[in-house]
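One structure below.
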Amino acid sequence: MRISNRQAVIAPTTDTLGWIVSGLMVHGLNTTPAALPTVAIIVFLLTAAATNLLLGRLVLLTYRRRFRTASFEEATALACQYAVATLAGALAVTVWSAATNQTVSVLAIVAIPWASLAIALLARFTVRVSRTYARAQAYQRAAHNRDRVIILGAGEVGGQIVRLTKNDAASPFVPVGLVDDDTTKKYLRLHGVPVLGTIDSLVSCCQQKDVRTVIIAIADLPTERLKQVTQECARNGIKTMTIVPVREIARRRIQFSDIKDIDLTDVLGRREVHIDLSRISDYVAGRSVLVTGAGGSIGSEIARQLHRIGPRDLVLLDRDESALHTIQLDIYNKGLLDTRDIVLCDIRDKEALRQVFQEHRPEVVFHAAALKHLPLLEQYPDEGWKTNVLGTKNVLELSEETAVTTLVNISTDKAADPTSVLGRTKHVAEQMTTSIALENGLRFVSVRFGNVLGSRGSMLWTFKHQIDSGGPVTVTDPRVERYFMTIPEACQLVLHAGAIGRPGDTMVLDMGEPVRILDVAQRLIAQSGNDVEVEFTGLRPGEKLSEDLIATDEDGIRPFHPLISHVRVEPVAPHRLDTVREWAYGAAADARHVEKDAKDITAAQQEEQAQPVAMSHEAVSH
7 MRISNRQAVI APTTDTLGWI VSGLMVHGLN TTPAALPTVA IIVFLLTAAA
57 TNLLLGRLVL LTYRRRFRTA SFEEATALAC QYAVATLAGA LAVTVWSAAT
107 NQTVSVLAIV AIPWASLAIA LLARFTVRVS RTYARAQAYQ RAAHNRDRVI
157 ILGAGEVGGQ IVRLTKNDAA SPFVPVGLVD DDTTKKYLRL HGVPVLGTID
207 SLVSCCQQKD VRTVIIAIAD LPTERLKQVT QECARNGIKT MTIVPVREIA
257 RRRIQFSDIK DIDLTDVLGR REVHIDLSRI SDYVAGRSVL VTGAGGSIGS
307 EIARQLHRIG PRDLVLLDRD ESALHTIQLD IYNKGLLDTR DIVLCDIRDK
357 EALRQVFQEH RPEVVFHAAA LKHLPLLEQY PDEGWKTNVL GTKNVLELSE
407 ETAVTTLVNI STDKAADPTS VLGRTKHVAE QMTTSIALEN GLRFVSVRFG
457 NVLGSRGSML WTFKHQIDSG GPVTVTDPRV ERYFMTIPEA CQLVLHAGAI
507 GRPGDTMVLD MGEPVRILDV AQRLIAQSGN DVEVEFTGLR PGEKLSEDLI
557 ATDEDGIRPF HPLISHVRVE PVAPHRLDTV REWAYGAAAD ARHVEKDAKD
607 ITAAQQEEQA QPVAMSHEAV SH
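For what it's worth, our numbering labels the leading residue of the sequence shown as 7, then goes sequentially.
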């Protein structure tokens, strides 16, 4: 790194003066002028100082780097530089001695470089101490405006964070302590900051030190331990932060931009998903692929991952033009919406959908189009039926007509032992997929999984909006638990499921352990630093306390992948949908009947009330 002109002059000038001062000291202390003539000292100084300057400028570059901390690296470089300069000076004195036939004491003259090196190092350490003191003063003056933090982890990463926060006057943090499970570090100090205790004492340490923020600086902290720490902090209103993955900072020092808020992805842990790219490529690469619902959270990520594999054509279909614009811009870096592979179509419209299939002749279909909001579908079950059942029926039948080789129907965990319109309609979609696949021997499969992080209109979006608005954050029940998975992780497994699925299979993704929704809400509130209340609203119609990935009458096996279970659902042929429609509507159907019965009763009462009036009119007329 280059330094300023002023700094480039100060260091070599200081070192040259150090050589001169050292020479004068040796000359003044010289008690045997015959053994060390003045001319020999001058020859040595001129040669050694000149060599030192050349080495510092052109070879070792010690005068062209920003050595501002008098580090061990700089001390080592200077020692090497001065050693070479000493050899050059000694050689010059030897040549002069031979030419003049004078004897020179080498031991006496070697004292000069030792003294000059000591002066150079002393100068640098003086600068370091003065700068450290100045930073400390500035740090103390601004400390009251910064967040007091405790750092979890007293290792290398924790040490870097302490140095970073203490050495930068613009630091947003003041480290008041560290915690670590290594008991040998207890009561030690790391760059002046004490180790207060173990991780189990973290919350009590925060309360004692009036700390509202914790920075987690252990890169390999197990997911369960991380979850335990963040939950405990969230319950006590303590914000938790962490660093970016170590692989991103392996070759550099940590910066403030590397410290980020902990999100649910960090707590859940990113599992390493092993997929067989060659098997996915075998059924995708070089083929025409259609993605329905391509503008949604899952559909768009499937499209992105498919694009990287290299299909011959990637047809993106959605009924939302804004969503199509977004995904085209994301994948192709353009949003003109003027190409035939961007299709505006509603899967409910079979004739319009037929034109899409006939024009593009897809060989592979990923069916992600669906209505997914449970409370809305309880109010409008007809809409859920039209999209999730009839729309899926259209996609399945047209795929069968046009000889699609592989179809993957995206389902939901709510289809297992369903209690809602959403769950039942998606279960019927699974049943239809199985029916057509088994009847025709087609590789049509369904993939079932739970909630994904970051999807549009998801619980996380809702919570963050409520927190930003000042609250309250609404949770249906303190006992509610849900499964979560990252969108990329889910879509990787969806693509792999398409490669290993057998005709009619419903495959269930391993979602890990369920997460309590109240814990998520408390964590987000703690992250915000705001005092926001949690309000419990009660379970909504059709909602469960916990979801099941596999129904009670299903047996899951994992023959091909450790994170993908295969189950069989009872097939329902598309032409027999009327037999399951009332079941799919569930409680919503009962509500419709109640409403219809109420209307019929009201109409009958009105008719009865009208009859006496009519009779009285007849009596008058007669």
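For every residue, glycine included, the Cβ atom is placed at its ideal position computed from N, Cα and C.
query	result
With distances taken Cα to Cα, identify the nearest neighbour of T412 among P368, G429 and S426.	P368
Closest to S111 by C-alpha separation, out of I304, K550, C212 and T44, would be which residue?	T44
On the premise that R314 lies in contact with A505, defined as a C-beta separation below 8 Å, what is that separation, rounded to the nearest angstrom?	No, A505 and R314 are not in contact; Cβ-Cβ is about 15 Å, not under 8 Å.
Assign D264 to buried or exposed, taking buried as 16 or more other Cβ atoms, counted over all protein chains shown, within 10 Å of its Cβ.	buried
Spell out the partners DSSP gives L158 in its beta bridges.	V185 and I222
Measure the beta-carbon distance from V27 to I125 and round it to whole angstroms, keeping in mind my assumption that it falls under 8 Å.	6 Å
Counting only runs of 3+ residues fully inside the region 542-593, write out the beta strand (DSSP E) ranges in chain order.	563-567 and 570-573
Going by beta carbon distance, what residues of the same chain come within less than 8 Å of D554, once the five residues before and after it are set aside?	D419, A422 and D423
Short of 6 Å in beta carbon distance, which residues of its chain neighbour A579, apart from the five on each side in sequence? Order them along the chain.	S441
Take the Cβ of E629 as the centre, count every other Cβ of all protein chains shown within 10 Å, and call the residue buried at 16 or more, exposed below.	Because the chain spans 7 through 628 in this model, residue 629 falls outside it and cannot be assessed.
With distance defined between alpha-carbon atoms, name the residue in R152, L459, V575 and P568 nearest to T558.	V575
Secondary structure at D474, three-state DSSP: helix, strand or coil?	helix
Please confirm whether E549 and T439 have their CB atoms less than 8 Å apart.	no
Tell me the DSSP secondary structure of N457 in three-state form.	strand
Confirm, please, whether the CB-CB distance from L501 to Q385 is below 8 Å.	no
Residue range of the alpha helix (DSSP H) that H433 falls in?	V427 to N446
Give every residue of the same chain whose Cβ lies closer than 6 Å to the Cβ of A240, excluding the five residues on either side of it in the sequence, and list them in chain order.	Q528, R529 and A532
Should the region 43-60 be regarded as contacting the region 85-98, the criterion being three or more beta carbon pairs within less than 8 Å?	yes
Just to confirm the assignment, what range does the alpha helix (DSSP H) spanning H366 have?	K356 to H366
Identify every residue that forms a DSSP beta bridge with T204.	For T204, which the question treats as bridged, DSSP gives no partner whatsoever.
Quick one: is P119 buried, meaning 16 or more other Cβ sit within 10 Å of its Cβ, or exposed?	buried
Might you give, ordered along the chain, the residues of its own chain that have their beta carbon closer than 6 Å to the beta carbon of E560, omitting 5 neighbours on each side?	V573
So does the region 506-513 actually touch the region 446-459, counting three or more Cβ pairs closer than 8 Å?	yes
By alpha-carbon positions, which one of R346, A140, H373 and T585 ends up nearest to V401?	H373
Ignore the nearest five residues each way along the sequence and tell me which others in A89's own chain have a CB closer than 6 Å to its CB.	none
Can you give me the Cβ contacts of S177 inside the same chain, cut-off strictly under 6 Å, excluding the 5 residues immediately before and after it?	T171
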